[in-house]
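Participant:
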Amino acid sequence: MSTEKFRDVDYSSVPDEHGHFGIYGGRFVSETLIEALDELEASYKKLSADPDFQAEFDKDMAHYVGRPSPLYFAERWTEQLGGAQIYLKREDLNHTGAHKVNNTIGQALLAKYSGKKRVIAETGAGQHGVATATVAARLGMECQVFMGEEDVKRQALNVYRMKLLGAEVIPVTSGSKTLKDAMNEAMRDWVTNVDDTFYIIGTVAGPHPYPQLVRDFQSIIGREARAQCLQQAGTLPDALVACVGGGSNAIGLFHPFLDDTDVTMYGVEAGGYGVQTGQHAAPLCAGEPGILHGNRTYLMQDENGQIIHTHSVSAGLDYPGVGPEHSWLKDIDRVNYVAINDDEALAAFRNLTQVEGIMPALESSHAIAYTHKLAPTMNKDQVIVVNLSGRGDKDIHTVASIDGIEI
Amino acid sequence: MSRIAACLDKLHSKGQKALIPYIVAGDPNPEFTVPMMHTLVEQGADIIELGIPFSDPMAEGPVIQLAHERALEHNVCLSAALDMVNEFRQQDQDTPVVLMGYANPVEKMGYENFASRAAAAGVDGLLTVDMPPEEAELLNEALKAVAIDSIFLIAPTTTAQRIKSIASLATGYIYYVSLKGVTGAGHLDTQSVKDKLAEIKSITDLPITVGFGIKDAESAATISKLAEGVVVGSALVQKAADLSQKGSNDVAGQAAQLIGQMRLAMNEAAA
Numbered sequence: 575m576s577t578e579k580f581r582d583v584d585y586s587s588v589p590d591e592h593g594h595f596g597i598y599g600g601r602f603v604s605e606t607l608i609e610a611l612d613e614l615e616a617s618y619k620k621l622s623a624d625p626d627f628q629a630e631f632d633k634d635m636a637h638y639v640g641r642p643s644p645l646y647f648a649e650r651w652t653e654q655l656g657g658a659q660i661y662l663k664r665e666d667l668n669h670t671g672a673h674k675v676n677n678t679i680g681q682a683l684l685a686k687y688s689g690k691k692r693v694i695a696e697t698g699a700g701q702h703g704v705a706t707a708t709v710a711a712r713l714g715m716e717c718q719v720f721m722g723e724e725d726v727k728r729q730a731l732n733v734y735r736m737k738l739l740g741a742e743v744i745p746v747t748s749g750s751k752t753l754k755d756a757m758n759e760a761m762r763d764w765v766t767n768v769d770d771t772f773y774i775i776g777t778v779a780g781p782h783p784y785p786q787l788v789r790d791f792q793s794i795i796g797r798e799a800r801a802q803c804l805q806q807a808g809t810l811p812d813a814l815v816a817c818v819g820g821g822s823n824a825i826g827l828f829h830p831f832l833d834d835t836d837v838t839m840y841g842v843e844a845g846g847y848g849v850q851t852g853q854h855a856a857p858l859c860a861g862e863p864g865i866l867h868g869n870r871t872y873l874m875q876d877e878n879g880q881i882i883h884t885h886s887v888s889a890g891l892d893y894p895g896v897g898p899e900h901s902w903l904k905d906i907d908r909v910n911y912v913a914i915n916d917d918e919a920l921a922a923f924r925n926l927t928q929v930e931g932i933m934p935a936l937e938s939s940h941a942i943a944y945t946h947k948l949a950p951t952m953n954k955d956q957v958i959v960v961n962l963s964g965r966g967d968k969d970i971h972t973v974a975s976i977d978g979i980e981i
Numbered sequence: 038m039s040r041i042a043a044c045l046d047k048l049h050s051k052g053q054k055a056l057i058p059y060i061v062a063g064d065p066n067p068e069f070t071v072p073m074m075h076t077l078v079e080q081g082a083d084i085i086e087l088g089i090p091f092s093d094p095m096a097e098g099p100v101i102q103l104a105h106e107r108a109l110e111h112n113v114c115l116s117a118a119l120d121m122v123n124e125f126r127q128q129d130q131d132t133p134v135v136l137m138g139y140a141n142p143v144e145k146m147g148y149e150n151f152a153s154r155a156a157a158a159g160v161d162g163l164l165t166v167d168m169p170p171e172e173a174e175l176l177n178e179a180l181k182a183v184a185i186d187s188i189f190l191i192a193p194t195t196t197a198q199r200i201k202s203i204a205s206l207a208t209g210y211i212y213y214v215s216l217k218g219v220t221g222a223g224h225l226d227t228q229s230v231k232d233k234l235a236e237i238k239s240i241t242d243l244p245i246t247v248g249f250g251i252k253d254a255e256s257a258a259t260i261s262k263l264a265e266g267v268v269v270g271s272a273l274v275q276k277a278a279d280l281s282q283k284g285s286n287d288v289a290g291q292a293a294q295l296i297g298q299m300r301l302a303m304n305e306a307a308a
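Chain order of the listed sequences is A and B.
For reference, each letter of the first sequence is one residue, going 575 to 981 in our numbering.
For reference, each letter of the second sequence is one residue, going 38 to 308 in our numbering.
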């Protein structure tokens, strides 16, 4: 085992000063944004060492988000699968219903300390948009959320939720009218309004320093889970499982365990109709490196370097790229990236709901579905921690319409 | 001497400024592009910037986004754009052609492969919008090896220190983005352009062209007094798109009249 190259890596060495994770990451944006990114980098560096900033972040995490989120031993589900003991990291119990708020609180505080009065965000399913609109409401900031026109139609509930929170939702009609186009449009807004606007990116992608700072804000998931697992199970977990779209919940869980090289990690991408069909959103499993949205990373692209359409039943995973740190972790074999198809995720959604009374988000259901395969291959004294990154209430319409039911 | 340097030297000796139209390769269809390039030269274009269609043109306003989408409907990609330059070169050996686009198509083709194909096709420069100098080292080497100019952007937000480092890597000319925003934005501020150009010129002797927000003969003439060249993109692309939609039987000729008008106004301003 000691020949495995990832065991000798210094994980604290990434990203480097230019935001590179190996060959990935970096800062691929037009010149106008460089100064703003330099400023963000400097203010993040300063504030992340500032006790007042950290105290405010910690206070918000405790009293506004409701952290620490529980690590729940899923006893009936463990029995059902007949293998490793399964613990669920309950990010679904956070305020606004997912892990996204850990990051939006962090970035909104950065915006506040930087004196910005307006925040913008991109959103796919609407979870990051809702989490951004929530913190903007609380801090009294103007908030505009860019959302692909297709997603606006598919996610009417979250669109209305954002409006109730006082945000303006701007439908994006360019390109494929989904998350990647919303991100393009948010970048266009930012380049135009760079003086007074803070762009709250929702995942560990984008130009440096976003992948780093989003990772740092989300790492609270893994820090808590590590301590909770040691306390509750008396041991470090043998395996971690998390879904990967852009990859913020997965990095949040994985990062504090990277040095624990006996902890095996699984990042679960959206296999859509099946990776072999080409209709999926699994760039780490079936894509190749390229440059999009400010960073070099694995992408879904055609032979001419055009970004191709993705498919997943889960809007939150329906993205052709992935955070650059995941690309690096794949190449050094630290994390195993696998894919779960739509139908497997849906079956897992139903099963967990019925066995544990916990309705997972369709995104998280991909991690649940992979655990169905993994747990039975492991011993009963082994431990799996699965990141239940969000709750499934937002997906009831999707599941119902698959069942042919109009709600 | 590169075609770009020769062109700018010649204009300089005549006391004139470069007029640089931008069109997207394959917009509205692949057959349109090469004849349009010739027509632009006839109307007074000195250098042509040819946009490489990309699925996610992050720096573009709505007009040029749509142009990229129209070109992609015909599957016009980097490879096809290189073929167009090659075809253009059959009749025109003098007018510099600069490819302007996004990093990923070039990345996918491979830097050295791209450089040798572009050189063979007769490309003179490359401007990769989303590849700032910090990330461009390897691409720059590949371009240098085949004597293709690396055109870099400078923005209103670029600090003096960065201007210095950009100027040390750039060849051909520097493209000054006249405003904070996307292509085709409408808030060009001549005084702020003038101030920033003075700052840039105090740091580098490279020729400077100005783009974003130049939409008619008047704005072209005004900016031409401040810089070595003006770039016009959205106004031209929009005009061609409108004519095309109306079913004009001479889209190229009528759209390129905008360039003719700009040429006249710029010559008058220089006189």
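C-beta atoms are modelled at their ideal positions from N, C-alpha and C, and glycine is treated no differently.
Here the structure is a predicted model, which means the values were calculated and not measured.
Could you check whether N676(A) and A792(A) sit closer than 7 Å to each other, using their CB atoms as the reference points?
Facilitator: In the sequence as presented, Ala is not what sits at residue 792(A); that position holds Gln. Contact: yes.
Participant: Compare the C-beta of S1055(A) with all C-beta atoms of chain B and state if any pair is closer than 7 Å.
Facilitator: With chain A covering only 575 through 981, there is no way to say anything about residue 1055(A).
Participant: Going by beta carbon distance, what residues of the same chain come within less than 6 Å of V588(A), once the five residues before and after it are set aside?
Facilitator: Answer for V588(A): F595, listed in chain order.
Participant: So I881(A) contacts chain B; which residues on that side make the cut at Cβ distance below 9 Å?
Facilitator: Within chain B, the residues near I881(A) are F91, S92, D93 and N141.
Participant: Strictly under 7 Å for the Cβ-Cβ distance: is P190(B) near chain A by that measure?
Facilitator: One detail in the question is off: residue 190(B) reads as Leu in this sequence, not Pro. Yes, L190(B) lies at the interface with chain A (some Cβ there is under 7 Å from its Cβ).
Participant: Taking only runs that begin and end inside the segment 135-196 of chain B, name each unbroken alpha helix (DSSP H) of 4 or more residues, in chain order.
Facilitator: Counting whole runs of 4 or more residues, the segment 135-196 of chain B contains the alpha helix (DSSP H) stretches 140-146, 148-158 and 174-182.
Participant: Are three or more beta carbon pairs between the segment 677-695 of chain A and the segment 644-656 of chain A nearer than 8 Å?
Facilitator: No contact exists between the segment 677-695 of chain A and the segment 644-656 of chain A.
Participant: Considering only C-alpha positions, which residue in the set K619(A), D917(A), F772(A) and L814(A) is nearest to Q956(A)?
Facilitator: The candidate whose alpha carbon is nearest that of Q956(A) is L814(A).
Participant: Of all the beta strand (DSSP E) runs that stay within the bounds of the segment 255-285 of chain B, which reach a length of 3 or more residues?
Facilitator: List check, beta strand (DSSP E) in window: 266-269.
Participant: For the segment 165-188 of chain B, list every residue whose C-beta sits within 7 Å of some C-beta in chain A, in sequence order.
Facilitator: Those would be V166, D167, M168, P169, E171 and E172, in chain order.
Participant: Using the DSSP secondary-structure output, state which residues sit across from A974(A) in a beta bridge.
Facilitator: None; A974(A) has no bridge partner.
Participant: Contact criterion: CB-CB distance below 7 Å. Does A62(B) meet it with respect to chain A?
Facilitator: No, A62(B) does not count as interfacial toward chain A.
Participant: Cβ of V312(B) less than 7 Å from any chain A Cβ?
Facilitator: Chain B is shown from 38 up to 308; residue 312(B) falls before or after that span and cannot be answered.
Participant: Report all residues from its chain with a CB closer than 7 Å to the CB of A760(A); omit the five preceding and five following residues, and keep chain order.
Facilitator: Contacts found: I694, A695, E696, F720 and Y773.
Participant: Given this structure, state the Cα-to-Cα distance separating I825(A) from L739(A), to the nearest angstrom.
Facilitator: Between I825(A) and L739(A), the C-alpha separation is close to 28 Å.
Participant: Hey, how far is the Cα of N35(B) from the Cα of P142(B)?
Facilitator: Coverage of chain B is limited to positions 38 through 308, which leaves residue 35(B) absent and any answer about it impossible.
Participant: What does K691(A) reach in chain B if we use C-beta pairs closer than 9 Å?
Facilitator: By Cβ distance, chain B contributes nothing, its closest Cβ being about 17 Å from K691(A), past 9 Å.
Participant: Given a cut-off of 7 Å on the beta-carbon distance, is the pair V134(B) and V122(B) in contact?
Facilitator: Going by C-beta atoms, V134(B) is nearer than 7 Å to V122(B).
Participant: What are the boundary residues of the beta strand (DSSP E) that includes N961(A)?
Facilitator: Start and end: V957 to L962.
Participant: State the start and end residues of the unbroken beta strand (DSSP E) segment that holds T697(A).
Facilitator: T697(A) -> beta strand (DSSP E) spans R692 to T697.
Participant: Taking a Cβ distance cut-off of 7 Å, strictly less, list which residues of the segment 746-772 of chain A are near chain B, in chain order.
Facilitator: Here the close residues are S748, G749, K754, N758, M761, R762, V765, T766 and V768.
Participant: Taking all protein chains shown into account, decide if G846(A) is buried (16 or more other Cβ within 10 angstroms of its Cβ) or exposed.
Facilitator: With 16 or more other Cβ atoms within 10 Å, it is buried.
Participant: Can you pull the chain B residues whose beta carbon is under 9 Å from the beta carbon of F595(A), in chain order?
Facilitator: Near F595(A) there are no residues of chain B at all, since even the closest Cβ is about 14 Å away, more than 9 Å.
Participant: What would DSSP say about V583(A), mapped onto helix, strand or coil?
Facilitator: Coil.
Participant: Which same chain residues, not among the five before or five after A636(A), have their C-beta less than 6 Å away from its C-beta?
Facilitator: Here the set comprises nothing.
Participant: Taking the alpha-carbon positions, what's the K904(A) to Y911(A) distance?
Facilitator: If you take the alpha carbons of K904(A) and Y911(A), they lie about 7 Å apart.
Participant: What's the C-alpha gap between I942(A) and D812(A)?
Facilitator: One C-alpha to the other measures close to 16 Å.
Participant: Quick check: what's the CA-CA separation for T733(A) versus V183(B)?
Facilitator: Sequence check: residue 733(A) is Val here, not Thr. Cα to Cα, the separation comes out at about 52 Å.
Participant: In its own chain, which residues sit with a C-beta less than 6 Å from the C-beta of Q298(B), not counting the 5 before and 5 after it?
Facilitator: Counting only Cβ-Cβ distances below 6 Å, and skipping sequence neighbours, we find A254.
Participant: Hey, G266(B) and K51(B): beta-carbon distance below 7 Å or not?
Facilitator: Contact: no.
Participant: For A257(B), which option in I237(B), A306(B) and K238(B) has the closest C-alpha, if you only look at C-alpha atoms?
Facilitator: The shortest C-alpha separation from A257(B) is found at A306(B).
Participant: What's the gap between the Cα of H49(B) and the Cα of F249(B)?
Facilitator: Between H49(B) and F249(B), the C-alpha separation is close to 23 Å.
Participant: Would you list, in sequence order, the uninterrupted beta strand (DSSP E) runs of no fewer than 3 residues that lie entirely inside the segment 708-740 of chain A?
Facilitator: Listed in chain order, they are 716-722.
Participant: So, A204(B) versus L243(B), is the Cβ gap smaller than 7 Å?
Facilitator: Yes; because the gap between Cβ atoms is below 7 Å, this pair is in contact.
Participant: Note down, one range per segment and in chain order, each beta strand (DSSP E) of at least 3 residues found wholly within the segment 47-82 of chain B.
Facilitator: Here the runs fully enclosed are 55-61.
Participant: Does the Cβ of V100(B) lie closer than 6 Å to at least one heavy atom of the ligand SAH?
Facilitator: Absence of the ligand SAH is noted for the structure shown, with no ligands found whatsoever.
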